[in-house]
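The structure under discussion appears below in the form of structure tokens.
Residue numbers (our numbering): 292 to 423.
Shown next as structure tokens:
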């Protein structure tokens, strides 16, 4: 005949710790479920805007810009192109590449031109991106 030893009673500290751990686990699981249910499956929606302040330093013109991803997915290798047109002809182009732009993220940068962009028309646009 084998005798089984009675299980020791859990202390109050063990019960409180276990309850806190269960509460934290329940919060994490519910947050993951909420994000999964409400996730937008929209592709990246990229918008670029030129800031109004153009600086001139040592004969070079710095044109700042800002790009924002308003979509649901991340974009990689985002290519931004700026074209400076004077008298209807493209006289200068500049390119930027943003490696990684997640949802709702924004990045800033600047294009550098040797000719004054105020003397012509400056077109800044997103040329391409790829999905991760």
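C-beta: ideal position from N, C-alpha, C; glycine also.
Next on the checklist: Out of 322, 411, 347 and 402, which one is the CA nearest neighbour of residue 376?
Outcome noted: 411
Checklist entry - Taking the alpha helix (DSSP H) that residue 326 falls in, what are its first and last residues? => result Segment 303-329, the alpha helix (DSSP H) holding residue 326.
Checklist entry - Using 8 Å as the threshold, is the stretch 349-357 in touch with the stretch 318-327, meaning 3 or more CB pairs across them? => result no
Checklist entry - In the DSSP assignment, what residue or residues form a beta bridge with residue 401? => result 355
Checklist entry - Okay, do the stretch 390-407 and the stretch 360-377 touch, 3+ Cβ pairs below 8 Å being the bar? => result yes
Next on the checklist: Residues in the same chain with beta-carbon distance under 8 Å from residue 333, minus the five sequence neighbours each way, listed in chain order, please.
Outcome noted: 362, 363 and 364
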